[in-house]
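I have placed the structure first, in the form of structure tokens, so that the comments after it can refer back to it.
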Ligand SMILES: Nc1ncnc2c1ncn2[C@@H]1O[C@H](COP(=O)(O)OP(=O)(O)OP(=O)(O)O)[C@@H](O)[C@H]1O
Ligand SMILES: [Mg+2]
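Protein chains in written order, with the numbering used here: chain A, 589 to 852; chain B, -15 to 255.
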């Protein structure tokens, strides 16, 4: 298996501003992501994390540079790069089941009715929502909605799972619960995941590597931190693990000493 | 029985009595103005103020004497047929146009000025022109209703399309939906409540306009009938006509509202 799975080469994103010079949000981003790796991107608000993720998902195009997935140029959005949106983006007129079904049906049109149902049910079960599968998004909690969003994204068998602050809108208990879910799923079915987060503990807990971004404009990758922790990881035990503490401190010092943001 | 319900029955009844009082007052002052009793007799039959035995307009609504003299039921049917014909045509044209205007900036820029200019024109202003084109009462009435109904449908459909959140479109993009799939799976479900709001508005205005249109075109229809009764000096029948038109408009609105709720996903799961 080739190490080169997803690579970002000299990525730059400029936003045209009427009557002014372009705003250079991110520049000079170079990154190699291995298959089945979990990467988190952390950085201060406005540094360009979403911008970067949107370029990988293809929802927005980079101004310069290339993005290659398995040596093929990424052009426009596609189901091999599934996105879990911060606000879940479930279609409110479809039930939990139908939301997943809609995606699977579109991406795997070759499935028979039976296979389709089996696949949808499998992903409903994966996020423990069997009891709620016929409910509409408006009838379930925020954490459950986000679980459906994850199930929907994974159900189409993406090569990369992209998550933009997937748990950002949730309270800390629900958040922890979803992190556990994600780690358990990852334990069973390996995925390549890129997750944007604001939360230092979340970054360390979930990732193999943490990408730390400098502040914008012209933000870029400042440091990359390897998290050398065994899996499965247990959040309680980790609290006293020297490696965990080292990682936390590295991120803290990056964000609040080297690239502190005074206007926050 | 709860007091809310009692209020809902008793209060309108009190207002009703009050209206009857005012009406009687006017009938006393204005010469030949029909009294409530005259009107009741004219509607349901009985012996009128002159001591003549009368058949009520509403107690024999189905009669057909000849082509130009039919019971009120047939007048109403004629009006409803025209309203529905024009209304359905307006939906068939208005919804696709609205989708187009909502989805394409180009279409919006191209069509918006005309929509904005023609929308405030009373549909009755079109009537002479339509009469000239069609030389036919029925087609004229139907096309007048078509023009009446189409603006709210176009505008609300376009509004519905605009209200589709960027997030849903992103989901569609990631799944690589074709334009048709986008319309059917995302845009229509979001727009349907808006489209029905437009339809409900349209139907309400169409029912207002048909009465006036028929007064101008003549022939048959509830509007024609009211005008005809004026020419025959049957003033009580005008009042009956007004009440009947009001009741039908009220029921049309209730039915449209029920259909709209049925198709509105936000009324189902509180999404
Ligand atoms: N469409 C746009 N036009 C102009 N500037 C933009 C646009 N989108 C983003 N920006 C700018 O680019 C910078 C990066 O934005 P981005 O949303 O990627 O930040 P972020 O790191 O995701 O922030 P947050 O943590 O608050 O979500 C910001 O300064 C933002 O103002
Ligand atoms: Mg962001």
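C-beta atoms are modelled at their ideal positions from N, C-alpha and C, and glycine is treated no differently.
Residue pairing for residue 54 (chain B): DSSP places it in a beta bridge opposite B:48. Selection around ligand 2 by beta-carbon proximity, strictly under 7 Å to any non-hydrogen atom, yields A:637, A:638, A:752, A:753 and A:784 in chain order.
Annotation: residue 799 (chain A) to residue 767 (chain A) spans about 18 Å, alpha carbon to alpha carbon. Identification of chain B residues near residue 665 (chain A) by a Cβ-Cβ cut-off of 8 Å yields 154, 157, 158 and 160, ordered along the chain. Residue 603 (chain A) has its Cβ nearer than 7 Å to a heavy atom of ligand 1. Against chain B, the CB of residue 649 (chain A) has no partner CB under 8 Å away; the residue lies outside that interface.
Against residue 173 (chain B), the close residues of chain A are 679, 680, 681 and 682, in the order they occur along the chain (beta-carbon pairs closer than 9 Å).
In the DSSP secondary-structure assignment, residue 752 (chain A) is bridged to A:784. A residue is called buried when at least 16 other Cβ atoms come within 10 angstroms of its Cβ; residue 719 (chain A) does not meet this threshold and is exposed.
Here residue 808 (chain A) really is in contact with residue 615 (chain A); their C-beta atoms are around 6 Å apart, less than 8 Å. Here the region 162 to 180 of chain B does not lie against the region 662 to 670 of chain A, with fewer than 3 beta-carbon pairs under 8 Å apart. Taking a beta-carbon distance threshold of 8 Å, residue 151 (chain B) counts as an interface residue toward chain A. In this structure, residue 666 (chain A) sits near residue 646 (chain A), with a CB-CB distance shorter than 8 Å.
Residue 797 (chain A) and residue 786 (chain A) have their alpha carbons spaced roughly 15 Å apart. At a C-beta separation below 8 Å, residue 776 (chain A) has no neighbours in chain B, since its nearest C-beta there lies roughly 24 Å away. Only buried fits residue 229 (chain B), as 16 or more other CB atoms lie within 10 angstroms of its CB. Not a single C-beta of chain A is nearer than 8 Å to the C-beta of residue 246 (chain B). Listed in chain order, the non-local C-beta contacts of residue 631 (chain A) below 6 Å within the same chain comprise 637 and 801, local neighbours out to five positions each way being set aside. For residue 166 (chain B), same chain residues with a beta-carbon under 8 Å away, outside a window of 5 residues either side, are 153 and 156 in chain order.
Residue contact check for residue 24 (chain B) against chain A: no CB pair falls below 8 Å.
Between ligand 1 and the CB of residue 633 (chain A), the shortest heavy atom gap is smaller than 7 Å. Boundaries of the alpha helix (DSSP H) around residue 235 (chain B): 219 to 247.
Going by C-alpha positions, residue 824 (chain A) is about 16 Å away from residue 835 (chain A). At a cut-off of 8 Å between beta carbons, residue 178 (chain B) makes no contact with chain A. With a threshold of 8 Å between beta carbons, residue 702 (chain A) makes no contact with chain B. Residue-level contact check: residue 47 (chain B) does not touch chain A, since none of the beta carbons of chain A fall below 8 Å from its beta carbon. For residue 798 (chain A), the enclosing beta strand (DSSP E) begins and ends at 797 to 801.
In the three-state scheme derived from DSSP, where H, G and I count as helix and E and B as strand, residue 613 (chain A) is classed as strand. In the three-state scheme derived from DSSP, where H, G and I count as helix and E and B as strand, residue 661 (chain A) is classed as strand. With respect to chain B, the C-beta atom of residue 670 (chain A) has a partner C-beta closer than 8 Å. In the structure shown, residue 689 (chain A) falls within a helical segment according to DSSP collapsed to helix, strand and coil. The alpha-carbon of residue 693 (chain A) is positioned some 10 Å away from that of residue 700 (chain A).
By the Cβ-count criterion, residue 650 (chain A) is buried, with 16 or more other Cβ atoms from all chains shown falling within 10 Å of its own Cβ. Closest by C-alpha distance to residue 849 (chain A), out of A:804, A:604, A:827 and A:789, is A:804. In the structure shown, residue 38 (chain B) falls within a strand segment according to DSSP collapsed to helix, strand and coil.
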